[in-house]
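Structure, as structure tokens:
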Amino acid sequence: MSSAAAKKPRPKYLSLSALLFEIRLPAPAWVSGLHRLSGALLFFPFAAWLLYLLDTSLASEQGYNHVRSYLSMPLAKLGLLVFIWAYAHHFCAGIRFLFLDLNKGIDLPQARMTSYIVFAASILLTLFFGWRIW
Amino acid sequence: MVKRIVVGAHYGLGSWLAQRITAVIIAVYSVILLVMFMTGRPISYGVWRDLFSQGWMRVATLVVAVAVAWHAWVGVRDIVMDYAKHDGLRLGLEVITLLVLAGYLGWTVQILWR
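Have a look at this one:
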């Protein structure tokens with residue numbers, strides 16, 4: 000046992016501020032956590048919302064126009080933006096996980112770099128498609 | 000080289016594999032659809048309706064919907080198993096998840112073959 004570990008006061012009681020500000024998760028942990036969060040959001044409510052939009056827009060021309068005007072409302076666009084981010088992050092992080100499963104990019108520097116690439120790519124995709132729909 | 004059996008008692012590995020395979024199917028469909036929308040004619044009701052009135056598009060979309068449901072089942076079940084420690088609560092959440100996914104699939108069929 001190293002002496003540095005022995006000197007630390009144990010047990011360490013965590014306050015809320017410690018959880019929020021002291022403990023910093025590494026980038027790959029954020030990719031993983033957000034992959035889970037975005038997946039949960041896509042399962043509900045976004046899958047139901049998309050099915051509703053597909054249903055209404057395919058039912059009739061009137062329904063299609065209704066969906067178009069509905070999606071031009073700022074709140075609906077905001078929802079669409081969150082959906083785009085969730086899909087983009089889930090997509091990019093998912094591809095990273097597929098490569099990790101193949102033992103590609105598992106060294107720490109690479110794993111960190113690909114994590115930042117996932118964040119950047121999903122934000123850029125969100126900005127691009129957000130700009131396209133706005 | 001480890002021999003991996005993906006059926007029988009090691010069904011966890013089967014689920015894991017199914018989630019990866021369905022992920023690839025969903026990703027390919029998403030990219031194809033996106034490229035079609037960005038390079039094709041501007042979307043109007045006619046273009047939209049004609050796209051989903053074609054047999055191959057309906058079948059492809061249904062196949063992907065099944066892949067999404069399968070993928071989501073493995074993923075949501077993982078989340079439920081991690082956070083819902085009480086057996087009854089976990090079982091209840093898993094049943095609700097299955098019902099929701101079955102509902103989504105039924106709705107998808109209804110939309111595609113109206």
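Protein sequences appear in the order of chains W and R. Sequential numbering of the first sequence, starting at 0, is according to numbering that gives the first Met the number 0. Sequential numbering of the second sequence, starting at 0, is according to numbering that gives the first Met the number 0. Beta carbons are placed, not taken as given, at the ideal position from N, Cα and C, and that holds for glycine. Predicted, not measured: the structure shown is a model, and the values here were computed from it.
Would you say I42(R) and F36(R) are within 9 Å of each other, going by their C-beta atoms? The criterion of a C-beta distance shorter than 9 Å is satisfied by I42(R) and F36(R).
Please report the distance separating the alpha-carbon of I132(W) from that of L70(W). Distance between the alpha carbons of I132(W) and L70(W) is about 9 Å.
C-beta contact flag for L66(W) and L40(W) at 9 Å: Note that residue 66(W) is Val in the sequence shown, not Leu. Not closer than 9 Å, so no.
Where W133(W) falls: helix, strand or coil (DSSP): In the structure shown, the three-state DSSP call for W133(W) is coil.
Going along chain W in order, which residues have a C-beta closer than 7 Å to the C-beta of Y44(R)? Ordered by position in chain W, the residues that pass the 7 Å Cβ test against Y44(R) are E60 and Y63.
Kindly provide the ranges of any alpha helix (DSSP H) runs that are 4 or more residues long and lie completely inside the stretch 66-101 of chain W, ordered along the chain. Counting only runs of 4+ residues, the alpha helix (DSSP H) found wholly inside the stretch 66-101 of chain W occupies 73-100, in chain order.
Name the chain R residues that come within less than 7 Å of F98(W), Cβ to Cβ? Neighbours of F98(W) on chain R: none; closest Cβ ~11 Å, over 7 Å.
Taking 9 Å as the CB-CB limit, is G93(W) close to chain R? At a cut-off of 9 Å between beta carbons, G93(W) contacts chain R.
Can you tell which of W112(R), W106(R) and I78(R) has the C-alpha that lies nearest to the C-alpha of L49(W)? Of the candidates W112(R), W106(R) and I78(R), the residue whose Cα lies closest to the Cα of L49(W) is W106(R).
Tell me where the alpha helix (DSSP H) around A17(R) begins and ends. From DSSP, the alpha helix (DSSP H) with A17(R) extends over Y10 to T38.
Interface positions of the stretch 42-54 of chain W facing chain R (Cβ-Cβ less than 8 Å), listed along the chain: Here the close residues are F42, F43, A46, A47, L50, L53 and D54.
Outcome for S68(W) when other beta-carbon atoms lying within 10 angstroms are tallied against a minimum of 16: An exposed status is given to S68(W), since fewer than 16 other beta-carbon atoms sit within 10 Å of its beta-carbon.
Proximity test, Cβ basis, 9 Å: R19(R) and chain W: By the rule that beta-carbons nearer than 9 Å mark a contact, R19(R) touches chain W.
Applying a beta-carbon distance threshold of less than 8 Å, which residues of chain W neighbour A22(R)? What A22(R) touches in chain W: G93 and L97.
Straight-line gap, T125(W) to Q109(R) (C-alpha atoms, nearest Å): The straight-line gap from Cα to Cα measures roughly 31 Å.
Closer than 9 Å to chain R by CB, F20(W): So no, F20(W) is outside the interface.
Can you list, in chain order, the residues of its chain whose CB lies under 8 Å from that of L33(W), leaving out five sequence neighbours each side? Once the five neighbours on either side are set aside, the close Cβ partners of L33(W) are H88 and A92.
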